[in-house]
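Just so you know, the sequence shown maps onto residues -16 to -1, 1 to 438 in mature numbering (1 follows the signal peptide of the UniProt record, and there is no 0). Here's the structure, in structure tokens; my notes come after.
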Amino acid sequence: MGACMALCSLASCASCLCGSAPCLLCGCCPSSNSSTITRLVFSFFLLLGTLVSIIMILPGMETELQKIPGFCQGGTSIPGLENQVNCDVIVGYKSVYRMCFAMACFFFFFSVLMIRVRSSKDPRAAFQNGFWFFKFLILIGITVGAFFIPDGTFHNVWFYFGIVGSFMFILIQLILLIDFAHSWNEIWVRNAEEGGKGWYAGLLIFTVLHYALSFAAVVLFYVYYTKPDDCTEHKVFISLNLIFSIVVSVISILPKVQDSSPQSGLLQSSIITLYTMYVTWSAMTNNPNRECNPSLLSLVSNVSATEPLPTSAPGQVQWWDAQGIVGLVIFLFCTLYASIRSSSNAQVNKLMQTEEGRDSGGKGEVGEDGLMRAVDNEEEAVTYNYSFFHFHLCLASLYIMMTLTNWYSPDTKTHVMQSSMPAVWVKICSSWLGLGLYLWTLIAPLILPDRDFS
């Protein structure tokens, strides 16, 4: 449905370039609330920028990118982290930084502009829900300007912006996964209580599957990412996250927790555990110590972790690694889910700055011309915080930048791509804080019994 609505919204922009969301033609989709359409179109802007960034780092694009003044011209091979790289590599990374800088600025501008918008009657809401053609021109203009930013300290400074923004976005990803897990459990339990006992079997199967994958991941981590006399940090990371995951899983099924939060259960804990293991793996793959961070290629072949990895062509490196691909898939899921979600979980709604199930039942209205039009369902109050939504997309832009560049810190003076320990600690700390947020959703009703967490 999300893909249908995104395509529908894009096509509608051609006929309503300056109009508001309610004028968008959405007869092809089952839901047509203006709030949902707006979020999908903005998410499409983000996904379009992500696609452009991916194209920029593909082999073969460096020839065109090098035509940009100051973009590492000359092509002299220089020592990299694992192999010999040249300007063909750096121009792709620099282009991603600038593209994501443009997207982050675009969404940050709207985040500031939409502060304290309470309903669609606010004049600023018209700019939020319409004028898509002009907003697209603004994004293009910022992007073009970003490519004329002189190197200087731009990449080093923006790298740390990316680190902080990605840390925050990883937390938002986990909040969305908590919301998704609660919604999944709630729907399947309700279906089972209505007579479909097979739904309980489905819950059990997926719960066991998630825990089995998590346990297998822990075993593989100890085998491939630790050494008997080295890699102490990895041993600590794996052990702590395993212990923390077991603790939150046990707490989720305690009688007192079940009484105060009947929606809690092992399905949610298994999803959070699996995500925690992914973040742990992602963090370890950024360790600059090659003895503790074997490449995926070295795990499936006889190539030593300390040997240079083969390149596909002179001066080119392998852009994608496994954790980057998984991270991109999770990002796409969370971005689309954030655009169409309508949660009944009060705590998650407070964390995500949205209202409880307010935009879940919209029906399109047929206009005088017989065309289906979106419903303005925010005349009384907005169903999501406009400012926070754009801030979330701003952080997503930074996360994409770090993911596509493998969290490397490019040195534009020596053109060396380096893994860095700050990236490792950012991911590990975000996994711990994320587990803490999930734990809070379990124990908050016990600690604050006077508040309504239903």
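The beta carbon of each residue, even a glycine, is placed where N, CA and C say it ideally should be. Computed from a predicted model, the values in this text were never measured in an experiment.
Is it buried or exposed for residue i, if we count other Cβ within 10 angstroms and need 16 for buried?
i	result
A185	exposed
D434	exposed
K411	buried
E364	exposed
T127	buried
L188	exposed
T137	exposed
K105	exposed
G418	buried
D214	exposed
S414	buried
W142	buried
A130	buried
T425	buried
L320	buried
Thinking C-alpha only, which one of the options is nearest residue i?
i	options	result
F145	L382, Y422, F90, V410	L382
V207	Q157, W265, H194	W265
N369	G129, P429, P272, A322	A322
S244	S236, L250, L251	S236
A109	W116, M98, A407	M98
G125	M83, F111, I38	M83
V173	G76, F115, P246, S103	P246
W409	H218, V75, I384	H218
I162	L421, I431, M386	L421
Taking just the CA atoms, how far does residue j sit from residue i?
i	j	result
G182	L42	46 Å
Q242	N277	41 Å
S253	P134	47 Å
T396	H139	Residue placement at T396 is poorly supported in this model, since its pLDDT is 47, which falls under 50; the coordinates still yield a value, given next. Cα-Cα distance, rounded: 7 Å.
G3	K119	Here G3 scores only 48 on pLDDT, less than 50, and its place in the model should not be relied on; the value that follows carries that caveat. Those two C-alpha atoms are separated by around 12 Å.
M152	N113	26 Å
A407	L193	29 Å
I324	F117	22 Å
T367	S18	10 Å
T389	F317	20 Å
L430	P239	11 Å
I154	V75	27 Å
T20	L160	16 Å
From the DSSP output, which residues share a beta bridge with residue i?
i	result
D214	K211
Q | Touching by the beta-carbon criterion (3+ pairs, under 8 Å), the segment 160 to 175 and the segment 226 to 238 | A | no
Q: Check whether the segment 80 to 100 touches the segment 371 to 378, taking contact to mean three or more Cβ pairs, one atom from each stretch, closer than 8 Å.
A: yes
Q. How do the segment 199 to 206 and the segment 257 to 274 stand: do at least 3 beta-carbon pairs fall below 8 Å, yes or no?
A. yes
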